[in-house]
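Below you'll find the structure, written out as C-alpha coordinates, and then a few comments.
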Amino acid sequence: VTADRLDQHGMHEESFRVPMQAIPSIARRLAADPPGPTGRLVAVGTTAVRVLESVSTEQLTNASPTGDLVGRTDLLIAPPYHFRHVHGLLTNFHLPRSTLLALVAAMVGLERLHALYREAIERRYRFYSYGDAMLILP
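Listed below in C-alpha coordinates is the structure:
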(Lines of atoms letter the chains of each structure in order from A; the text may use other names.)
(Lines give C-alpha, C1' and ligand atoms only; values in the text may rest on other atoms or scores of the structure.)
Protein backbone atom coordinates (compact mmCIF):
# COMPACT_ATOMS: atom_id res chain seq x y z
CA VAL A 41 0.00 0.00 0.00
CA THR A 42 1.54 3.28 -1.08
CA ALA A 43 -1.45 5.59 -0.59
CA ASP A 44 -1.67 7.67 2.58
CA ARG A 45 -5.09 6.19 3.34
CA LEU A 46 -6.07 2.59 2.66
CA ASP A 47 -9.39 3.58 1.10
CA GLN A 48 -7.38 5.49 -1.55
CA HIS A 49 -5.39 2.39 -2.52
CA GLY A 50 -6.17 0.96 -5.95
CA MET A 51 -6.82 -2.72 -5.29
CA HIS A 52 -5.58 -5.10 -7.97
CA GLU A 53 -8.07 -7.36 -9.69
CA GLU A 54 -7.72 -11.14 -9.60
CA SER A 55 -9.33 -13.83 -11.72
CA PHE A 56 -10.84 -16.79 -9.94
CA ARG A 57 -12.33 -20.19 -10.65
CA VAL A 58 -14.34 -22.14 -8.09
CA PRO A 59 -14.38 -25.78 -9.22
CA MET A 60 -17.87 -27.23 -9.69
CA GLN A 61 -16.97 -30.05 -7.26
CA ALA A 62 -16.50 -27.52 -4.43
CA ILE A 63 -19.64 -25.44 -5.02
CA PRO A 64 -22.24 -27.73 -3.31
CA SER A 65 -20.12 -27.97 -0.15
CA ILE A 66 -19.57 -24.21 -0.02
CA ALA A 67 -23.27 -23.54 -0.63
CA ARG A 68 -24.27 -25.93 2.21
CA ARG A 69 -21.93 -24.17 4.62
CA LEU A 70 -23.26 -20.77 3.64
CA ALA A 71 -26.81 -22.00 4.24
CA ALA A 72 -25.99 -23.13 7.81
CA ASP A 73 -27.43 -20.61 10.26
CA PRO A 74 -25.84 -20.14 12.69
CA PRO A 75 -22.60 -21.63 11.39
CA GLY A 76 -21.73 -24.49 13.68
CA PRO A 77 -18.71 -26.78 13.50
CA THR A 78 -19.97 -28.27 10.24
CA GLY A 79 -21.16 -24.93 8.89
CA ARG A 80 -18.03 -22.86 9.45
CA LEU A 81 -16.37 -21.77 6.22
CA VAL A 82 -12.60 -21.48 6.72
CA ALA A 83 -10.62 -20.10 3.80
CA VAL A 84 -7.06 -21.13 3.04
CA GLY A 85 -5.31 -17.97 1.92
CA THR A 86 -6.35 -14.37 1.50
CA THR A 87 -7.25 -14.81 -2.18
CA ALA A 88 -9.77 -17.49 -1.19
CA VAL A 89 -11.28 -15.03 1.33
CA ARG A 90 -11.62 -12.34 -1.33
CA VAL A 91 -13.25 -14.80 -3.75
CA LEU A 92 -15.69 -16.22 -1.20
CA GLU A 93 -16.64 -12.74 -0.02
CA SER A 94 -17.06 -11.53 -3.62
CA VAL A 95 -19.49 -14.20 -4.77
CA SER A 96 -23.09 -14.13 -3.71
CA THR A 97 -24.99 -16.97 -2.11
CA GLU A 98 -27.22 -16.95 -5.19
CA GLN A 99 -24.24 -17.44 -7.49
CA LEU A 100 -23.25 -20.52 -5.52
CA THR A 101 -26.72 -21.99 -5.08
CA ASN A 102 -27.65 -21.38 -8.72
CA ALA A 103 -24.30 -22.43 -10.22
CA SER A 104 -24.42 -24.85 -13.10
CA PRO A 105 -23.78 -28.43 -11.94
CA THR A 106 -21.63 -28.95 -15.04
CA GLY A 107 -19.38 -25.90 -14.88
CA ASP A 108 -17.00 -24.01 -12.65
CA LEU A 109 -17.89 -20.59 -11.23
CA VAL A 110 -15.57 -18.12 -12.94
CA GLY A 111 -15.13 -14.41 -12.26
CA ARG A 112 -12.92 -11.54 -11.18
CA THR A 113 -12.64 -9.61 -7.92
CA ASP A 114 -11.08 -6.34 -6.84
CA LEU A 115 -12.56 -6.48 -3.34
CA LEU A 116 -10.48 -4.64 -0.73
CA ILE A 117 -11.14 -6.05 2.74
CA ALA A 118 -10.10 -3.82 5.64
CA PRO A 119 -11.58 -2.77 8.98
CA PRO A 120 -14.50 -2.34 9.62
CA TYR A 121 -15.45 -4.90 6.94
CA HIS A 122 -18.28 -7.27 7.94
CA PHE A 123 -17.66 -10.80 6.66
CA ARG A 124 -20.69 -12.34 4.96
CA HIS A 125 -19.40 -15.83 4.21
CA VAL A 126 -15.98 -16.59 5.69
CA HIS A 127 -15.70 -17.62 9.35
CA GLY A 128 -11.97 -18.29 9.58
CA LEU A 129 -8.68 -18.09 7.74
CA LEU A 130 -5.45 -20.03 7.43
CA THR A 131 -2.72 -17.68 6.25
CA ASN A 132 0.87 -16.65 6.83
CA PHE A 133 2.14 -13.59 8.70
CA HIS A 134 1.94 -10.67 6.28
CA LEU A 135 4.20 -7.69 5.78
CA PRO A 136 3.36 -4.19 7.07
CA ARG A 137 1.51 -1.76 4.80
CA SER A 138 -0.09 -4.57 2.79
CA THR A 139 -3.70 -5.22 1.84
CA LEU A 140 -3.19 -8.75 3.16
CA LEU A 141 -2.48 -7.40 6.64
CA ALA A 142 -5.56 -5.15 6.34
CA LEU A 143 -7.68 -8.24 5.57
CA VAL A 144 -6.37 -9.99 8.71
CA ALA A 145 -7.07 -6.83 10.73
CA ALA A 146 -10.65 -6.85 9.46
CA MET A 147 -11.04 -10.41 10.71
CA VAL A 148 -9.43 -10.11 14.15
CA GLY A 149 -9.56 -6.39 14.97
CA LEU A 150 -6.63 -3.99 15.27
CA GLU A 151 -5.92 -4.54 18.96
CA ARG A 152 -5.74 -8.33 18.59
CA LEU A 153 -3.71 -7.97 15.39
CA HIS A 154 -1.09 -5.88 17.19
CA ALA A 155 -0.89 -8.45 20.01
CA LEU A 156 -0.53 -11.34 17.55
CA TYR A 157 2.23 -9.63 15.63
CA ARG A 158 4.09 -8.58 18.80
CA GLU A 159 4.14 -12.22 19.85
CA ALA A 160 5.18 -13.36 16.37
CA ILE A 161 8.12 -10.92 16.42
CA GLU A 162 9.12 -11.92 19.97
CA ARG A 163 9.06 -15.60 19.01
CA ARG A 164 10.95 -14.88 15.78
CA TYR A 165 8.28 -16.25 13.48
CA ARG A 166 9.03 -16.04 9.80
CA PHE A 167 6.89 -13.63 7.81
CA TYR A 168 5.55 -13.59 4.26
CA SER A 169 5.16 -16.31 1.66
CA TYR A 170 7.50 -18.98 3.04
CA GLY A 171 7.03 -18.12 6.69
CA ASP A 172 4.99 -19.46 9.54
CA ALA A 173 1.22 -19.78 9.31
CA MET A 174 -1.64 -18.89 11.61
CA LEU A 175 -5.17 -20.20 11.90
CA ILE A 176 -7.64 -17.41 12.65
CA LEU A 177 -11.00 -18.42 14.12
CA PRO A 178 -12.62 -15.17 15.35
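Convert by adding 40 to the 1-based position in the sequence shown; the result is the number in the numbering used here.
Even for Gly, the Cβ is constructed at its ideal location relative to N, Cα and C.
Can you tell me which of the options puts its alpha carbon nearest to the alpha carbon of residue i?
i	options	result
V58	M147, E93, G171 and Y170	E93
P178	S138, V82 and R163	V82
T97	T86, S65 and P119	S65
I176	M147, E151 and S169	M147
Which class does residue i belong to by DSSP, given the choice of helix, strand or coil?
i	result
A146	helix
I176	strand
E53	coil
A103	coil
A118	coil
Less than 8 Å between the beta carbons of residue i and residue j, yes or no?
i	j	result
I63	A103	yes
M51	L129	no
T131	T86	yes
F56	G111	yes
Less than 7 Å between the CB of residue i and some heavy atom of the ligand FMN, yes or no?
i	result
P119	You won't find the ligand FMN in this model; it holds no ligand whatsoever.
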